[in-house]
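Some notes on the structure that comes next.
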Amino acid sequence: NAGVTQTPKFQVLKTGQSMTLQCAQDMNHNSMYWYRQDPGMGLRLIYYSASEGTTDKGEVPNGYNVSRLNKREFSLRLESAAPSQTSVYFCASSAQVLYGYTFGSGTRLTVV
Amino acid sequence: GDSVTQMEGPVTLSEEAFLTINCTYTATGYPSLFWYVQYPGEGLQLLLKATKADDKGSNKGFEATYRKETTSFHLEKGSVQVSDSAVYFCALSFPNAGGTSYGKLTFGQGTILTVHP
């Protein structure tokens, strides 16, 4: 099925390690987003890309970097993982917010 | 800044019971409002939306009415099923912010619903 594909689905990192979360969409959407989901806090926006070639900080960008590689792909990088970054990470894309976001199935990251 | 507040959960109901999940928002101006649903192990899906005051969004038996005077967008369903067990998120956005249509979503904390047979 078409949609948003995230890899990996699960990951365990040691404190200080780095990793990149991958996201790709095949719906020709202009906008892409990275959220983290923590219990009792809903989803918080980390970074977003309104269109290819642009990226902007969201609500909780510290400790993360992003790359909009092309229209399809938007990656999230943790340069030096910390236990506070233990979370479920969701990538989403949209043509227009009123049409709804399409979410990936998430990456469950544990930093020990 | 803009924010969304949902009723505390979890909510546990018997099948065929009436459901209400409260949602209120704080925003400068008049946002568009959304309900998203997350089934176990999946990403979020758009359930319904409303773009202006007094609009009623509806889908799959769920309804919510945009109340500007009370800044609320409560989710209701007349008769829940076991398959409705999920996490429900209220959210807001300004679709035309900055002259663009990409509109960042601001989510509430989510409400866990469990429906028993």
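For the protein sequence lines, the chains are U and G, in the order given.
The working numbering numbers the first residue of the first sequence as 1 and each following residue consecutively.
The working numbering numbers the first residue of the second sequence as 113 and each following residue consecutively.
Where is the CB? At the ideal position from N, CA and C, for every residue including glycine.
Could you pull the start and end residues of the beta strand (DSSP E) that G:Tyr-178 belongs to?
Counting from one through the second sequence, the residue named residue 178 of chain G turns up at place 66. Unbroken run through G:Tyr-178: none, as it is neither H nor E.
* **Runs of beta strand (DSSP E) lying entirely within the stretch 113–181 of chain G, each at least 3 residues, in chain order** => 115–118, 123–126, 131–133, 135–138, 144–150, 156–162, 168–171 and 174–177
> In chain G, what lies closer than 9 Å to U:Phe-103 by C-beta?
Replying inline: Within the first sequence, numbered from 1, the residue matching residue 103 of chain U stands at position 103. Within 9 Å Cβ-Cβ: Tyr-148, Gln-150, Glu-154, Gly-155, Leu-156 and Gln-157.
- From which residue to which residue does the beta strand (DSSP E) around U:Asn-65 run? Counting from one through the first sequence, the residue named residue 65 of chain U turns up at place 65. Segment 64–68, the beta strand (DSSP E) holding U:Asn-65.
What residues in its chain sit with their C-beta under 6 Å from that of G:Ile-224, if we drop five residues either side in the sequence? Counting from 1 along the second sequence, the entry for residue 224 of chain G is found at position 112. Cβ neighbours of G:Ile-224 beyond the five flanking positions: Gly-121, Pro-122 and Val-199.
Where do the ends of the beta strand (DSSP E) carrying U:Met-32 lie?
Working through the first sequence from its first residue, we reach residue 32 of chain U at position 32. 31–38 is the extent of the beta strand (DSSP E) around U:Met-32.
**Asked** Since G:Phe-219 meets chain U, which of its residues come closer than 7 Å, beta carbon to beta carbon?
**Response** Position 107 of the second sequence, counted from the first residue, corresponds to residue 219 of chain G. Those within 7 Å of G:Phe-219 in chain U are Gly-42 and Leu-43.
- Task: Starting from the C-beta of U:Gln-11, find all residues in its chain whose C-beta is less than 7 Å away, skip the five residues before and the five after it, and write them out in chain order.
- Result: Reading the first sequence from its first residue, position 11 is the one you call residue 11 of chain U. Taken in chain order, the residues that qualify are Met-19, Thr-107 and Leu-109.
Would you give the residue range spanned by the beta strand (DSSP E) that U:Arg-77 belongs to?
Within the first sequence, residue 77 of chain U is the residue found at index 77, counting from 1. That run of the beta strand (DSSP E) goes 74–78.
task: Would you mind reading off the limits of the beta strand (DSSP E) that contains U:Gly-42?
output: Position 42 of the first sequence, counted from the first residue, corresponds to residue 42 of chain U. Looking at the DSSP string, the run of the beta strand (DSSP E) that includes U:Gly-42 is 42–49.
Beta carbons nearer than 8 Å to chain U: which residues of the stretch 160–183 of chain G have them? Lys-161 and Thr-163
For G:Ser-170, the nearest candidate out of G:Leu-160, G:Gln-221, G:Thr-124 and G:Ser-126 (CA to CA):
The residue labelled residue 170 of chain G in the question sits at position 58 within the second sequence. Considering only alpha carbons, the answer is G:Leu-160.
_Can you pull the chain U neighbours of G:Phe-201, defined as C-beta to C-beta under 8 Å?_
Taking the second sequence and counting its residues from 1, one reaches residue 201 of chain G at position 89. Near G:Phe-201 (Cβ distances below 8 Å), the residues of chain U are Gly-42 and Leu-43.
Problem set entry | Endpoints, beta strand (DSSP E) assigned at U:Tyr-89 | In the first sequence, residue 89 of chain U corresponds to position 89, counting from 1. Note, U:Tyr-89: beta strand (DSSP E), 87–94.
Among the residues of its own chain, which have a CB less than 7 Å from the CB of G:Gln-221, if the five just before and after it don't count? Your numbering for residue 221 of chain G matches position 109 in the second sequence. Same-chain partners within the cutoff: Gln-118.
**Prompt:** Going by the beta-carbon positions, is the gap between U:Tyr-97 and G:Pro-207 smaller than 7 Å?
**Reply:** Along the first sequence, read from residue 1 onward, the residue named residue 97 of chain U stands at position 97. Along the second sequence, read from residue 1 onward, the residue named residue 207 of chain G stands at position 95. This sequence places Val at residue 97 of chain U; Tyr is not what is there. In this structure, G:Pro-207 lies closer than 7 Å to U:Val-97 by Cβ.
query: By how many angstroms is the C-alpha of U:Thr-55 removed from the C-alpha of U:Phe-74?
result: Taking the first residue of the first sequence as 1, we reach residue 74 of chain U at position 74. Taking the first residue of the first sequence as 1, we reach residue 55 of chain U at position 55. Roughly 10 Å between the two C-alpha positions.
Notebook entry, point to check: Grouping DSSP H, G and I as helix and E and B as strand, with all else coil, what is G:Asp-196?
Noted result: The residue labelled residue 196 of chain G in the question sits at position 84 within the second sequence. Of the three classes helix, strand and coil, the one that applies to G:Asp-196 here is helix, per DSSP.
Minimum Cβ-Cβ distance from G:Gly-222 to chain U less than 7 Å:
Along the second sequence, read from residue 1 onward, the residue named residue 222 of chain G stands at position 110. Cβ-Cβ to chain U under 7 Å: yes for G:Gly-222.
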